[in-house]
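Worksheet: the structure to be examined is printed underneath.
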Amino acid sequence: MPVSGDLVLIEQDAWVQLSDKEVIFEGVIRHAQKYASIITFELYSDCGKKRRLMFIDNAMDPDSWCHLSRIALQVR
3 MPVSGDLVLI EQDAWVQLSD KEVIFEGVIR HAQKYASIIT FELYSDCGKK RRLMFIDNAM
63 DPDSWCHLSR IALQVR
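Now the structure itself:
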């Protein structure tokens, strides 16, 4: 998994696409866990593959962190 890249998120569908120069993974968020400064997402692709993504709060601006936290809490 890359350390950096682009994240496309469609909130109402809980759909995520992670890409660098090409698409690395895309899928639907099935589970999310929020800790004090870390959020983990469990994603499932259409073909059944599972991936876990982890985000750290100091890796993004506060508004983005709040938005991602809200999405994580809604997935539960």
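In this note's numbering, the protein residues as written are 3 to 78. Beta carbons are placed, not taken as given, at the ideal position from N, Cα and C, and that holds for glycine. The structure presented is a predicted model; accordingly, all values stated were derived computationally and were not measured.
Cα-Cα separation between C68 and C49, rounded to whole angstroms | 31 Å
- So, is V25 buried or exposed, given that buried needs 16 or more other C-beta atoms within 10 angstroms? exposed
Exercise for the section: Could you have a look at A34 and say whether DSSP puts it in helix, strand or coil? Expected result: strand
* Is it the case that the Cβ atoms of S71 and I41 are separated by a distance below 8 Å? -> yes
Supposed contact pair V77 and I12 - C-beta distance, whole angstroms, cut 8 Å:
Going by Cβ atoms, the distance from I12 to V77 rounds to 13 Å, so no, they are not a contact pair.
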